[in-house]
Structure formats: C-alpha cells, structure tokens
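S.K.: Going down the list, the sequences are from chains A and B.
The first sequence begins at 7 in my numbering and counts up by one.
The second sequence begins at 18 in my numbering and counts up by one.
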Amino acid sequence: MSEPVVVAESLNVRFADQCVLDDVSFTVNRGEVFALLGGNGAGKSTTLKTFLGTVAPTSGSASVLGHSVTSDSDFIRSKVAYLPESVMLYGHLTGMENIEYFLSLADVKRSASDIEAALKRVALQADAWHKKLADYSKGMRQKTAIALALLRSAPVLFLDEPTSGLDPSAIDEFNQLVTALSEAGSTVFMVTHDVYGACQVAHRIGLLDQGKIVGVFERSGSELIDTEQVHTAFAKRNA
Amino acid sequence: MLFADFYREMRFLSKQRYIVLFLSAVFALSAFAVWSGLHETKLQQATIERLLEKDTVDRENVLAGHGDYGSAAYYSFHVTYSEPSSLAFAAMGQRDTFPWKHRIRMLALEGQIYETDAENPELSLFGRFDFAFIVSVLLPIFVILLLHDLRSGEKEAGRYDLLVATAKKQHKLWLSRALVITTGLALAMLVPLLVGAAIMQAPLAKTAAMVLITLAHLLFWVVVTVIAGRMMLARGQNSPRIASALLGVWLLATVIVPVVSDTLINQSITGPNGGEVVLTQREAVNGAWDQPYEVTWDEFLKTHPEWADYTDMASSFDWKWYYGFQQAGDQHAAELSKAYRDTIVRKDVAAGKASLMSPAMLTQRLMLSLASTDISASLAYEQDVRDFHASLRQFYYPLLFKGGEFELEQLADMPLYRQRLSN
Ligand SMILES: Nc1ncnc2c1ncn2[C@@H]1O[C@H](COP(=O)(O)OP(=O)(O)OP(=O)(O)O)[C@@H](O)[C@H]1O
Ligand SMILES: [Mg+2]
Numbered sequence: 007m008s009e010p011v012v013v014a015e016s017l018n019v020r021f022a023d024q025c026v027l028d029d030v031s032f033t034v035n036r037g038e039v040f041a042l043l044g045g046n047g048a049g050k051s052t053t054l055k056t057f058l059g060t061v062a063p064t065s066g067s068a069s070v071l072g073h074s075v076t077s078d079s080d081f082i083r084s085k086v087a088y089l090p091e092s093v094m095l096y097g098h099l100t101g102m103e104n105i106e107y108f109l110s111l112a113d114v115k116r117s118a119s120d121i122e123a124a125l126k127r128v129a130l131q132a133d134a135w136h137k138k139l140a141d142y143s144k145g146m147r148q149k150t151a152i153a154l155a156l157l158r159s160a161p162v163l164f165l166d167e168p169t170s171g172l173d174p175s176a177i178d179e180f181n182q183l184v185t186a187l188s189e190a191g192s193t194v195f196m197v198t199h200d201v202y203g204a205c206q207v208a209h210r211i212g213l214l215d216q217g218k219i220v221g222v223f224e225r226s227g228s229e230l231i232d233t234e235q236v237h238t239a240f241a242k243r244n245a
Numbered sequence: 018m019l020f021a022d023f024y025r026e027m028r029f030l031s032k033q034r035y036i037v038l039f040l041s042a043v044f045a046l047s048a049f050a051v052w053s054g055l056h057e058t059k060l061q062q063a064t065i066e067r068l069l070e071k072d073t074v075d076r077e078n079v080l081a082g083h084g085d086y087g088s089a090a091y092y093s094f095h096v097t098y099s100e101p102s103s104l105a106f107a108a109m110g111q112r113d114t115f116p117w118k119h120r121i122r123m124l125a126l127e128g129q130i131y132e133t134d135a136e137n138p139e140l141s142l143f144g145r146f147d148f149a150f151i152v153s154v155l156l157p158i159f160v161i162l163l164l165h166d167l168r169s170g171e172k173e174a175g176r177y178d179l180l181v182a183t184a185k186k187q188h189k190l191w192l193s194r195a196l197v198i199t200t201g202l203a204l205a206m207l208v209p210l211l212v213g214a215a216i217m218q219a220p221l222a223k224t225a226a227m228v229l230i231t232l233a234h235l236l237f238w239v240v241v242t243v244i245a246g247r248m249m250l251a252r253g254q255n256s257p258r259i260a261s262a263l264l265g266v267w268l269l270a271t272v273i274v275p276v277v278s279d280t281l282i283n284q285s286i287t288g289p290n291g292g293e294v295v296l297t298q299r300e301a302v303n304g305a306w307d308q309p310y311e312v313t314w315d316e317f318l319k320t321h322p323e324w325a326d327y328t329d330m331a332s333s334f335d336w337k338w339y340y341g342f343q344q345a346g347d348q349h350a351a352e353l354s355k356a357y358r359d360t361i362v363r364k365d366v367a368a369g370k371a372s373l374m375s376p377a378m379l380t381q382r383l384m385l386s387l388a389s390t391d392i393s394a395s396l397a398y399e400q401d402v403r404d405f406h407a408s409l410r411q412f413y414y415p416l417l418f419k420g421g422e423f424e425l426e427q428l429a430d431m432p433l434y435r436q437r438l439s440n
C-alpha cells in the first residue's frame, strides 16, 4: 500500500475573499479507502471538485496517478468515476437510459446485462429500471449513480456523500461494496460527514475543519478505526 | 469520432419532448411561410396570365373599331408586368410595395407609372410573413431559446459536474449538442424552402445561395449564443440572465438598428415623392390645351427634331399635337421623376450600408436580391416599362406625323411588352 494515486500538496482554494481550502495535503494510495470527514461547509466537496478540475486551485497542486489537474484533467476524468453530492440525472430518461447515456459520454461500452448486473448490485428494484428518473426517490437516484460509477470500471472512485439518502440496509450493502472494490485494487476517495460510515470502510480518515486538515486517523492492523475517538474529535470541532 | 458524439446527442435530444415540439413548430412556421409565399406567387402569376390573355384580344378589338392611328393609340392598353422570380415565394420583398404590373397607354407615362405610388419603400424588416422574415427576424430567437442554457441549464439542474467529469472530452459534448440543435433548426427551416424551390423549379445556384445565407445567419447566432452563454456562466450568471442579455442583442440587431436607420435615412435623404411627379406631369398636360401650339411644339421638338417639318395642323385638333403635349408633359416632369428615382436609390444604398450593422437586415437584403424582389428589381421593371413606352412612341410617331391613310395591317408590327428580367 504505497503507490500514491491521489495526491494533494498544499492545496489552497479561495472564492472571492473566502479561504475555502487552506494548505490541504494528503495522499491516497492504490487500493486504499480514504475518507475526508468534516461538517457542512468544511470544504469537502470543493476538495473533490478541485481534483475533477471544475474548481481551480488558487495555489498548491493536486494530481491523480501522477497527472496534474491543471494540465491533464481529461486524463484524470477518464480514470475517475465520480459520484456527485446530490445526484441529478435526466428526468426524461429511464434509469437504464441515463446509465447508457453517461457511459457513452465516457466512451465506455457495456452490455445491457452488465448494466442490469450493476443495478442489482446496488439493489435498485428491478421494476424501476425502465421507469423515468423523474419518478425516482432520492435513494433510488443515488443507487443509479452508484451503479454508473461501478460500470465505469475506473481505477479511482471519487464519492461525495455516497450514502446520503440510502436506507440502513442499503448503506450496509454499499459499505460492503466499497470494501470489495478496494480489495480488488480500486482507490477510493470519499468525502462525508457520516462518522460511523467512514469508520466502517476507510483505511484512513482525514478530519477537515474550515478548510484545514486538523487530524488523521488510521486503522491499526485489520482493526477498524475507532468510531468513538473520531466522533469525539469531530464533535469538538463542530461544537 | 465527432460523428459518434453527434449521433449520441441526436438520440439523446430526440427524447427531449420540448426540443422535438419546438423544432416541429419551427418546421410548421417555415412550411406555412413557404406555402403562403407559393400561394402569393401563384396568384400573381395567375393575375399576369389573365391580363395577358385579354391583352391581345382587347387591343385587336379596339384597333379594329377605330379609323385613325390617334384614337387607336388612345383607346388601346398594353399590359406590362414583372413575373415573380422562382424564388420570390421565399422573399416577397418590394413586390408588396412597388407595383409589378401596369396597363399602359401611349399617353404621358409618369402619371401612369406613379398613379398608385403612395408610400415609402419598406427599408426595414417588418413586411410580409415570409421565409425571409422567419430567417432574418425569428431565427435568432429560436437559437437563443434553444441554446442560451446549453451549459447553464445543466448547471442549474445539478448535472454539470457529473457531465463534465464523465465526458471524455467536454468541449465535444457541448459542441455536438449545439451542432445537433443547429442541424435540427436548419432542417426544420430549410426543408420547406427546398420543397418550395423544387415546386418552382428554381435554379440550383440561387437556391444554394439562399440556403447558404440561411445557414450563415443561423451559425452567426449559434456562435454568439454559445459563446455568450459560456462567458456569462463563467461570470456566475444564470440562464434567465443569459437569455435576457441575448434577447437584448437580438432587439438591438433586429429591431432597433433597422427601425432607427430607416427613420434616419428617411429624414436625412429627402426628395420629391411620386405624387408630385404625377401632379407636375398632369398639370403640364392639362395646361397644354390652353397654350399656343408653338409652346407644345417647341418642347416636343427638343427631343424629336426629326418631326420639325411635320407640325402643320389641318384643323384645331390633331392627334399628333395631342401626343406631342403628352410627350412634353413627361419631359416637363422628367427632372422631378429622375430626382424621385435617385432618392429611392440613395435611400437603398444607405440602407445597404446600415445593414452592415444588423445581420438581420443584411440577411434580408441578400435574400431579396437573390429573389429579385429588391428595390433594384423594382426599378429595373420600371425601366422596362419606360423602354416599352418609348418604343410604342417610336412606333406610332411616324404613323401620326406622316399622316397616311389608316391601315390595320400597319399596326401588325406594334411592339409587344416582353419582360427582360428572367429567372
Ligand atoms: N462556487 C462557489 N463560490 C463561492 N463559494 C463557494 C463555492 N463553492 C463552495 N463555496 C463555499 O466554500 C465552502 C465550502 O463548500 P463545500 O461545498 O466544499 O463544503 P462541504 O464540506 O462539501 O459541505 P457540505 O457538507 O454541506 O456538503 C462553503 O462556505 C461554500 O459556501
Ligand atoms: Mg459537500
């Protein structure tokens, strides 16, 4: 576990006069699940978007698989599957059609049975597959987008609040999915404010507060990160 | 590669009912405009045909019923006309303002030409609802409505980041979407035009030029809309603001510039109007009855010295004197008439310059020029009428002045009006 895949070095992002990311540095290695944990407005989504190239860093550098976001964002996007914070797909298309459309945008070819397998894997009920997305619940949309991210078969996953809107059993299934992906060699970079969920799946957790990384927690051996300890640190920051 | 993107976006957009309905509406508008243009063309052709059918018969009846050349000329009419070109259906232009048919007698001409002339030629855009109107005035609005939120719409729907993060090459995504919509608009507008052109058997080169003008205007607005949408989004503006800004540009280019330039041109370039020409000529003709004969002959001989030895009259009324003062009346009004036409030309030239500030005006002027329905075409027809009238005088003067016996066969060689413009 020492091949760096996602690297942030002294990343700074400012919007107007607001400093949103303040000297953020971290590394996510191949096969690792890294969770950036923080309260609302801490700068989590901004960090992700900086890696996608939709937010430009004011200073510092960010790279994926050795390619810089400022010069090579097309390459990075081809290697990354992104799950946005609030999943909005096309309401006039069905779940299947949405996935087909986005896959073809990425120039990824998957058969209908591949897509169905992915939808089964995220436990989206089969009778919804051919319904218009406008009629989906939030959790159903989330599952569709997760299935899309899986189907990209990208070596790196960027997940923004992946379990928001999922019911408890779906969260459990999702956590197992992430673990399986990382065991299969995928690198997962997720941002969340769900302490328990992060501790379940992450090998490492960075605590982000007002744009600064204020703490890092790591698994020791095969033991999960201690939820209690992270929760205390998190609560102290967000008191 | 771009073809694959195009095909994907075509499939995608064809599932968006709003876009399909919009394009269908554009198609229906264009089809209606073409249909009504064809209808008007057919009406004009039928009118000309009807006039021509009666023309020869009526004249032959009149000629047979008279015993001297003077009254034969006095009572016979000659149909002149300007056929609508094969593309006039797409751009009726000045055919709605200037006359395209006159029944002419050998009397003084100016009054006959400008009899119906009442108003100024239309220099701005808002005339008939024809294909040219749709392309020059409405097309920009279609483009703005369909493309202003190309990116900002996705941003507002919360899909922008996922789209950008997923697309292999993001500019290809926007480019192919814009291209599909542009193609859809082009087809919706042009298919009716092409059908109309096929029905009218319009020449290929002119039809192609009409298509190119449409595409050029379409592309101009697509580029403006896409670039403005992108730049304004980058500055944090939302779709309604982008649309308002673009509609402002449309208002400026399509309404304000044409209307203001039309007003300025009409104010700054002035000259006599058609009514004054008619009045001047008629006063001269009416006055001639009370003038000594020499006054008429002096004026007439200025332009026709060859008849100087034939002005003796057997009685107090002679047709040659009568036509002499008709000619003199035209000569009296000639300068004013020339000034009137020069004013029209000067206004037209000025409007041509003004159109460089308004793509809509430019588009329409180019289309009218292609369809031979612009001011030049109207003036060319007027010149045809003048030439024909001159040839009629040329034909009758020897018969009138040499004073031979009336023979019907002599009239067999009478000139016939033939339209010179052809397409
Ligand atoms: N485009 C933008 N322009 C200006 N300010 C922004 C922009 N995007 C984010 N911000 C600001 O940056 C800060 C961090 O936002 P960010 O979305 O990264 O927070 P977050 O940690 O993801 O929060 P949440 O848990 O609510 O999703 C916030 O104060 C937000 O107002
Ligand atoms: Mg966020």
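Where is the CB? At the ideal position from N, CA and C, for every residue including glycine.
Can you name, in chain order, every residue of its own chain whose Cβ lies under 7 Å from the Cβ of S372/B, other than the five neighbours on each side?
M.R.: Same-chain partners within the cutoff: M378, L379 and R382.
S.K.: Which chain B residues sit within Cβ distance under 7 Å of S77/A?
M.R.: Within chain B, no residue comes near S77/A; the closest Cβ sits about 15 Å away, beyond 7 Å.
S.K.: Output the residue ranges of the alpha helix (DSSP H) runs that lie fully inside the stretch 185–222 of chain B and measure 4 residues or longer, sorted by chain position.
M.R.: Runs of the alpha helix (DSSP H) inside the stretch 185–222 of chain B: 187–217.
S.K.: Taking just the CA atoms, how far does G213/B sit from R194/B?
M.R.: Cα-Cα distance, rounded: 29 Å.
S.K.: Under 7 Å Cβ to Cβ from Q343/B, same chain only, skipping five residues before and after it: list those, please.
M.R.: Closer than 7 Å at the Cβ level, and outside the excluded window around Q343/B, lie L124, A125 and V302.
S.K.: If the cut is a Cβ gap below 8 Å, which residues of chain A does R25/B touch?
M.R.: Y107, S110 and L111, listed in chain order.
S.K.: Please indicate yes or no: does the CB of D166/A lie closer than 7 Å to some heavy atom of ligand 2?
M.R.: Checking the Cβ of D166/A against ligand 2 gives yes.
S.K.: Run the proximity test for V220/A: is its beta-carbon closer than 7 Å to any non-hydrogen atom belonging to ligand 1?
M.R.: Because no heavy atom of ligand 1 lies under 7 Å away, the Cβ of V220/A does not count as near it: no.
S.K.: For A241/A and V160/B, what's the separation of their Cα atoms in angstroms?
M.R.: Straight-line Cα distance between these residues: approximately 53 Å.
S.K.: What whole-angstrom Cβ distance do H234/B and P101/B have, given they're in contact under 8 Å?
M.R.: Not confirmed; about 23 Å, so no contact.
S.K.: Just mark T73/B as buried or exposed, buried being the case when its beta carbon has 16 or more other beta carbons within 10 Å.
M.R.: With fewer than 16 Cβ atoms within 10 Å of its Cβ, T73/B is classed as exposed.
S.K.: Leaving out five residues on either side along the sequence, give the residues of the same chain with a beta carbon under 7 Å from the beta carbon of T233/A.
M.R.: If we look at T233/A and ignore the five residues flanking it on each side, its Cβ neighbours are V201, Y202 and C205.
S.K.: Considering just the uninterrupted stretch of the alpha helix (DSSP H) at M378/B, what are its terminal residues?
M.R.: Per DSSP, M378/B belongs to the alpha helix (DSSP H) from P376 to L387.
S.K.: What's the C-alpha gap between M7/A and L19/B?
M.R.: Because M7/A sits at a pLDDT of 47, beneath the cut-off of 50, its placement in the model cannot be relied upon, and the point is left open.
S.K.: Against chain A, does R176/B count as a neighbour if the rule is that its beta carbon must be under 8 Å from one of theirs?
M.R.: Chain A contact via Cβ: present.
S.K.: Residues with a Cβ closer than 5 Å to any heavy atom of ligand 1, in chain order?
M.R.: Chain-ordered list of matching residues: F21/A, V26/A, N46/A, G47/A, A48/A, G49/A, K50/A, S51/A and T52/A.
S.K.: Go ahead and pull the three-state DSSP assignment for R363/B.
M.R.: R363/B falls in the helix class under three-state DSSP.
S.K.: Which residues in the same chain have their Cβ closer than 8 Å to the Cβ of V236/A, if we skip the five residues on either side of it in sequence?
M.R.: Once the five neighbours on either side are set aside, the close Cβ partners of V236/A are L43, V201, A204, C205, I211, L213 and F223.
S.K.: Tell me whether E189/A, by its Cβ, gets closer than 7 Å to a heavy atom of ligand 2.
M.R.: False, no ligand heavy atom lies under 7 Å from that Cβ.
S.K.: For the candidate residues Q400/B, M217/B, L229/B and V181/B, whose alpha-carbon lies nearest to that of A203/B?
M.R.: Comparing Cα-Cα distances from A203/B to each of Q400/B, M217/B, L229/B and V181/B, the minimum goes to L229/B.
S.K.: How would you list, in chain order, the residues of chain B whose beta-carbon sits under 9 Å from the beta-carbon of S90/A?
M.R.: Reading the sequence as shown, one finds Pro at residue 90/A and not Ser. The answer, in chain order, is G175, R176, D178, L179 and A182.
S.K.: Please decide whether Q254/B counts as near chain C, where near means a Cβ-Cβ distance under 8 Å.
M.R.: The structure shown contains no chain C; the protein chains it does contain are A and B.
S.K.: At the level of alpha carbons, what is the spacing between S153/B and A270/B?
M.R.: Answer to the nearest angstrom: the Cα atoms are 10 Å apart.
S.K.: Looking at E91/A and ligand 2, is the gap between the Cβ and the nearest heavy atom below 7 Å?
M.R.: Yes, since a heavy atom of ligand 2 falls inside the 7 Å radius drawn around the Cβ of E91/A.
S.K.: Could one say the Cβ of K186/B lies closer than 8 Å to chain A's Cβ atoms, at least one of them?
M.R.: Taking Cβ atoms only, chain A reaches closer than 8 Å to K186/B, which makes this a yes.
S.K.: Could you pull the DSSP bridge partners for K218/A from this structure?
M.R.: Bridge partners of K218/A: D215/A.
S.K.: Less than 8 Å between CB atoms is the rule here; does V260/A satisfy it with respect to chain B?
M.R.: No statement about residue 260/A is possible, as the shown extent of chain A runs from 7 to 245 and does not include it.
S.K.: So the alpha helix (DSSP H) Y414/B belongs to, where does it begin and stop?
M.R.: Y414/B -> alpha helix (DSSP H) spans I392 to K419.
S.K.: Taking any Cβ of chain B, which residues in the stretch 39–68 of chain A have a Cβ under 7 Å from it, in chain order?
M.R.: The residues in question are K55, L58 and T60.
S.K.: What is the DSSP secondary structure of K50/A, counted as helix, strand or coil?
M.R.: K50/A: helix per DSSP, three-state reduction.
S.K.: Could you pull out every unbroken alpha helix (DSSP H) segment of at least 4 residues lying fully inside the stretch 74–112 of chain A, listed in chain order?
M.R.: Fully enclosed alpha helix (DSSP H) runs of 4 or longer: 79–85 and 101–111.
S.K.: Are the CB atoms of M374/B and V274/B nearer to each other than 8 Å?
M.R.: Yes.
S.K.: With burial defined as no fewer than 16 other Cβ atoms inside 10 Å of the residue's Cβ, what is the status of S439/B: buried or exposed?
M.R.: Residue confidence is low: S439/B scores 48 on pLDDT, short of 50, so the model does not pin down where it sits. Its coordinate-derived value is still stated next. Exposed is the call here.
S.K.: Ignoring anything shorter than 3 residues, give me the beta strand (DSSP E) runs that lie fully in the stretch 78–139 of chain B, in order along the chain.
M.R.: Runs found: 95–98 and 118–121.
S.K.: Considering N181/A, what are the terminal residues of the alpha helix (DSSP H) in which it resides?
M.R.: Its alpha helix (DSSP H) spans residues P174 to E189.
S.K.: List the DSSP bridge partners of S65/A.
M.R.: For S65/A, which the question treats as bridged, DSSP gives the partners N18/A.
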